[in-house]
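Below is one structure; the comments refer to it alone.
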Amino acid sequence: MSNQPSSYWLLIPAFLIASLIVGSALLAVKQITHKSVEITVSPAVAYQSKGEVYVGGSVANPGFYPLREGDTINAILEAAGVMPNADLTRLELHVPRSGESHPPQKVNINRAEPWLLTALPGIGPGKAQAIVNYRNQHGHFHNVQDLLKVEGIGSSTLEKIKDLITVED
Numbered sequence: 131m132s133n134q135p136s137s138y139w140l141l142i143p144a145f146l147i148a149s150l151i152v153g154s155a156l157l158a159v160k161q162i163t164h165k166s167v168e169i170t171v172s173p174a175v176a177y178q179s180k181g182e183v184y185v186g187g188s189v190a191n192p193g194f195y196p197l198r199e200g201d202t203i204n205a206i207l208e209a210a211g212v213m214p215n216a217d218l219t220r221l222e223l224h225v226p227r228s229g230e231s232h233p234p235q236k237v238n239i240n241r242a243e244p245w246l247l248t249a250l251p252g253i254g255p256g257k258a259q260a261i262v263n264y265r266n267q268h269g270h271f272h273n274v275q276d277l278l279k280v281e282g283i284g285s286s287t288l289e290k291i292k293d294l295i296t297v298e299d
């Protein structure tokens, strides 16, 4: 055996030096070609309503909701307040013909706040609060006629609002 290093042992340092040179060159090229990205923030744009969606059934606040570009079914259902017993695997969708009227939105007297009740004809702030107080003391109304039990609500007032209210739980 000779004391001279074999040719394989000489190739190892040469390979390491070549790897360092190539790696350094690649890093330098990457840093030179890497450009920063400029982010521009646009001012907020108010969405134009694309129509409205009626949400009814097992929700706390049935009624019409504005439909804007980008709205999702989940967002609209969240706004309507989905009830725990709702079956979200089955949704109904009705697309009216152009010019077809939609049913009037009814006020659920078992859930309505006083401000909403004042939108009904013949119901001012006092009667609205009386309805809420009665509901809080005696529980939900079982039918529209139960409103006659509220102090200040007579048959003439009930006649004006009976087609505009509902008693859903």
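Residues 131 to 299 (our numbering) make up the sequence shown, in order.
Even for Gly, the Cβ is constructed at its ideal location relative to N, Cα and C.
Assigned secondary structure, residue i (DSSP; H/G/I helix, E/B strand, else coil)
i    : result
N263 : helix
E238 : The sequence given here has Asn at residue 238, not Glu. N238: strand per DSSP, three-state reduction.
T287 : helix
A148 : helix
I253 : coil
E182 : strand
A189 : Here residue 189 turns out to be Val, not Ala, going by the sequence shown. It is a strand residue.
Segment limits, beta strand (DSSP E) that includes residue i
i    : result
P196 : G193 to R198
Classification of residue i by the beta-carbon crowding that lies within 10 angstroms, buried from 16 upward
i    : result
I283 : buried
A242 : buried
Y177 : Below a pLDDT of 50, predicted positions are generally treated as unreliable, and Y177, at 48, falls in that range; the measurement from the model is reported next regardless. It is exposed - the Cβ of Y177 has fewer than 16 other Cβ atoms within 10 Å.
P255 : exposed
V152 : exposed
N238 : buried
L250 : buried
V225 : exposed
Alpha helix (DSSP H) segment containing residue i, residue limits
i    : result
N215 : Per DSSP, N215 belongs to no alpha helix (DSSP H) and is neither H nor E.
P226 : Counting along the chain, P226 falls outside any alpha helix (DSSP H), and DSSP gives it neither H nor E.
L247 : P244 to L247
E208 : I203 to A210
Same chain only: Cβ atoms within 7 Å of residue i, ignoring 5 sequence neighbours per side
i    : result
A155 : none
A258 : P244, L247 and T248
A260 : V280, E281 and G282
L141 : none
For residue i, the nearest candidate out of the options (CA to CA)
i    : options                   : result
L197 : A210, G187, S188 and T296 : A210
K236 : I142, A190, S285 and S149 : A190
F194 : L250, P244, W245 and E182 : E182
R304 : E281, E208, A260 and S188 : This structure leaves residue 304 out entirely; the chain is present only between 131 and 299.
I295 : E222, V274 and G200       : V274
V212 : R265, D201 and P192       : P192
Same chain only: Cβ atoms within 8 Å of residue i, ignoring 5 sequence neighbours per side
i    : result
V297 : N238, I239, N240, H270, F271, H272, N273, V274 and D276
I203 : L221
D299 : N240 and H270
Other residues of its chain near residue i: CB distance less than 6 Å, five sequence neighbours each side excluded
i    : result
V262 : P244
I253 : L247
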